[in-house]
Amino acid sequence: MPPLDRIGRRQFLAGASALGALGVLGAGAVTWDELRHRADTTPLAAGAGILVLVTLYGGNDGLNTVIPYADNAYHDARPELSYRPEEVLRLDDGLGLNPALKGLADLWARRQLAIVRGVGYPNPDHSHFRSMDIWQTAAPDEPLPTGWIGRWLDATGDDPVRAVNIGPVLPPLALGAKHTAAALNPAATAQSPGTVAAVAGLAADDPSDGAARTAVRTGYRAAQTVDHTLGAITRPPRALGGANPLAAQLDLVGRCIQANVPTRVYTVSLGGFDTHADERHTQEQLLGRFDQAVSGFLRDLSGHPRARDVVLLAYSEFGRRVRANASQGTDHGTAGPVFVAGAPVAAGFHGDEPSLADLADGDLKSTVDFRDLYHEVLHRVLDADPTPILGNGRRDLGILT
């Protein structure tokens, strides 16, 4: 890196894209001294709720996740793709879990798992991109440029570590109009002493700066803040691209929580659920990774005082169609189950099971609007007023005790 007095305007502004290499993309405006003081002296308050959002990209097949094994219509619609009653992990006389979800079955038995059935939204869209955009912005009726967590950030402050995405790219849900979450990349290499000194210089305010330089300096300060707050926890970095990237992400989240990092929302993800062919094998592998990651994360936290504060919510952009296709897979559908796990949950089933005898053009009809789930976690976990974030007409579902 050239000396600070030789860094020109183009190099300075190009630094905005380099922030990703330092471990954070996008964060709110706040001075380094303020955040360093908070990170050192004001850890997350005791009893403050922590929300962990797990996105399953690709459209997970809900019918082969929470399986209506006693319903003949299920077996008739997918004679080779369905699971026989003796294969499922039974939850009651009609529903059971996919055999890959043994850890979740244990959480169910220990009353730490809620399953919300039939979750969707009005006039569902079968496009991955549009449906995920709807879930992440919480705006089914018209596109919005901000995500629901981003709007929570806008409404509640400007600390760049209040919400952290594990991975270098921020999902739309984390983008606000004024503030965004921090994106922490555990694979980022440690900064050399020269880089640390250079970034410190670039982060320092200069009265002669215009709007563009001021914005970039704000980004550098946010990068310093996240690196200072989380650096000791994340190094040496643990690769996210191994056999179970979700487990690596949640392992990092768990270490942050146990260290009392002042973060209220963490976002993680697992992809690959677009199972148009050979679904049973592919989905079982993916659900096994999901199960291992989630159950291991909660097990590791179980002996820690923070365990009672953590709520994990796992969703996908849509379920799959009821009838199997000719490739022993399923095509894009609508409603599906959402998992809510942790010590604070009201365990059991919530929402009505969609009928397999009353379909909408071959798709399940949703019985729960996903925005009501968001309403409850905003209200009960993040202690926020959900109305400015979600609009009027939403309600709690009684999923949290």
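Each residue of the sequence shown is one higher than the one before, starting from 2 at the first, in our numbering. Cβ atoms here follow ideal geometry from the backbone N, Cα and C, with glycine treated the same way.
Worksheet item: How about I150 and L54: are their beta carbons less than 9 Å apart?
Response: As a position in the sequence shown, residue 150 is number 149, starting the count at 1. As a position in the sequence shown, residue 54 is number 53, starting the count at 1. Contact check for I150 against L54 passes: the beta carbons are separated by less than 9 Å.
Fill in: Y58 - DSSP class collapsed to helix/strand/coil
Start at 1 with the first residue of the sequence shown, and residue 58 comes out as number 57. Coil, per DSSP.
Item to complete: Whole angstroms is fine: what's the gap from A294's alpha carbon to D370's?
Response: Within the sequence shown, the letter at position 293 stands for residue 294. Within the sequence shown, the letter at position 369 stands for residue 370. If you take the alpha carbons of A294 and D370, they lie about 27 Å apart.
Discussion item. Considering only the alpha carbon of each residue, which of L45, I51, P44 lies closest to A342?
Written reply: Taking the first residue of the sequence shown as position 1, residue 342 is located at position 341. When each option's Cα is compared against that of A342, the closest is I51.
Practice prompt. Would you grab the beta carbon distance between G1 and G320 for me? Rounded to a whole angstrom, and I think it's under 8 Å.
Written response: An answer regarding residue 1 cannot be provided, because it is not within the stretch 2 to 402 covered by the chain.
Practice prompt. Ignore the nearest five residues each way along the sequence and tell me which others in S270's own chain have a CB closer than 8 Å to its CB.
Written response: Within the sequence shown, the letter at position 269 stands for residue 270. So the list reads V55, T56, L57, Y58, G168, P172, L247, Q250, once near-sequence residues are dropped.
Worksheet item: At what residue ranges does the region 103-133 contain a whole run of the beta strand (DSSP E), taking only runs of 3 or more?
Response: Considered as a whole, the region 103-133 harbours 114-121 as its complete beta strand (DSSP E) runs of no fewer than 3 residues, in chain order.
Item to complete: Kindly list the residues whose CB is nearer than 7 Å to the CB of I390, restricted to its own chain and excluding five residues on each side of it in sequence; keep chain order.
Response: Residue 390 sits at position 389 when you count from the first residue of the sequence shown. For I390, where only same-chain residues beyond five positions count, the Cβ hits under 7 Å are W149, R152, W153, A156, L379.
Worksheet item: When you compare each of T402, H333, G394, V323 to G363 by their alpha carbons, which one comes out closest?
Response: For the purposes of this step, residue 363 is taken as the residue at position 362 of the sequence shown. Looking at the Cα atoms, V323 is the closest of the given residues.
Worksheet item: Looking only at C-alpha atoms, which of C257, A110, E143, L287 sits nearest to P125?
Response: Working through the sequence shown from its first residue, we reach residue 125 at position 124. Scanning C257, A110, E143, L287 for the CA closest to the CA of P125 turns up E143.
Practice prompt. Indicate the three-state DSSP secondary structure (helix, strand or coil) for H380 in the structure shown.
Written response: The residue you call residue 380 lines up with position 379 of the sequence shown. Here H380 carries a helix assignment [DSSP, helix/strand/coil].
Discussion item. Going by the DSSP bridge assignment, what does A183 pair with across the sheet?
Written reply: The residue you call residue 183 lines up with position 182 of the sequence shown. According to DSSP, which records beta bridges pairwise, A183 is partnered with V165.
Worksheet item: Hey, is V162 close to the ligand ADP, as in C-beta under 8 Å from one of its heavy atoms?
Response: Of ligands this structure carries none, so the ligand ADP is not represented either.
Discussion item. Closest to I400 by C-alpha separation, out of E377, R307, I68, would be which residue?
Written reply: For the purposes of this step, residue 400 is taken as the residue at position 399 of the sequence shown. Nearest option by C-alpha distance: E377.
Discussion item. Here's the rule: buried if 16 or more other CB atoms are within 10 angstroms of the residue's CB, otherwise exposed. What is N186?
Written reply: As a position in the sequence shown, residue 186 is number 185, starting the count at 1. With 16 or more other Cβ atoms within 10 Å, it is buried.
Fill in: Buried/exposed call for A78, threshold 16 Cβ in 10 Å
Start at 1 with the first residue of the sequence shown, and residue 78 comes out as number 77. Here A78 is buried, its C-beta having at least 16 other C-beta atoms within 10 Å.
Worksheet entry | Straight-line Cα distance separating L114 from D275 | Taking the first residue of the sequence shown as 1, we reach residue 275 at position 274. Taking the first residue of the sequence shown as 1, we reach residue 114 at position 113. Roughly 25 Å separates the two Cα atoms.
Worksheet entry | H277 - DSSP class collapsed to helix/strand/coil | Taking the sequence shown and counting its residues from 1, the one referred to as residue 277 is at position 276. Correct three-state label for H277: coil.
Discussion item. Per DSSP, what are the beta-bridge partners of F340 in this structure?
Written reply: Counting from 1 along the sequence shown, the entry for residue 340 is found at position 339. For F340, which the question treats as bridged, DSSP gives the partners I116, A315.
Discussion item. Among the candidates T335, P208, R281, T264, whose CA atom is the shortest distance from the CA of T368?
Written reply: Counting from one through the sequence shown, the residue named residue 368 turns up at place 367. Selected option, being the one with the closest Cα: T335.
Worksheet item: Nearest CA to the CA of G349: which residue from F298, G272, R111?
Response: As a position in the sequence shown, residue 349 is number 348, starting the count at 1. Of all alpha-carbon atoms in F298, G272, R111, the one lying nearest the alpha-carbon of G349 is that of R111.
Item to complete: Tell me whether R91 sits in a helix, a strand or coil according to DSSP, three-state version.
Response: Locating residue 91 in the sequence shown gives position 90, where the first residue counts as 1. Secondary structure at R91: strand, using DSSP grouped into helix, strand and coil.
Discussion item. Among Y75, E280, M133, whose alpha-carbon lies nearest the alpha-carbon of R85?
Written reply: For the purposes of this step, residue 85 is identified with residue 84 of the sequence shown, where counting begins at 1. Selected option, being the one with the closest Cα: Y75.
Discussion item. Suppose the cutoff is 6 Å on Cβ atoms and the five residues either side in sequence are ignored; what does the same chain contact list for K179 look like?
Written reply: Here residue 179 refers to the residue found at position 178 of the sequence shown. If we look at K179 and ignore the five residues flanking it on each side, its Cβ neighbours are D155.
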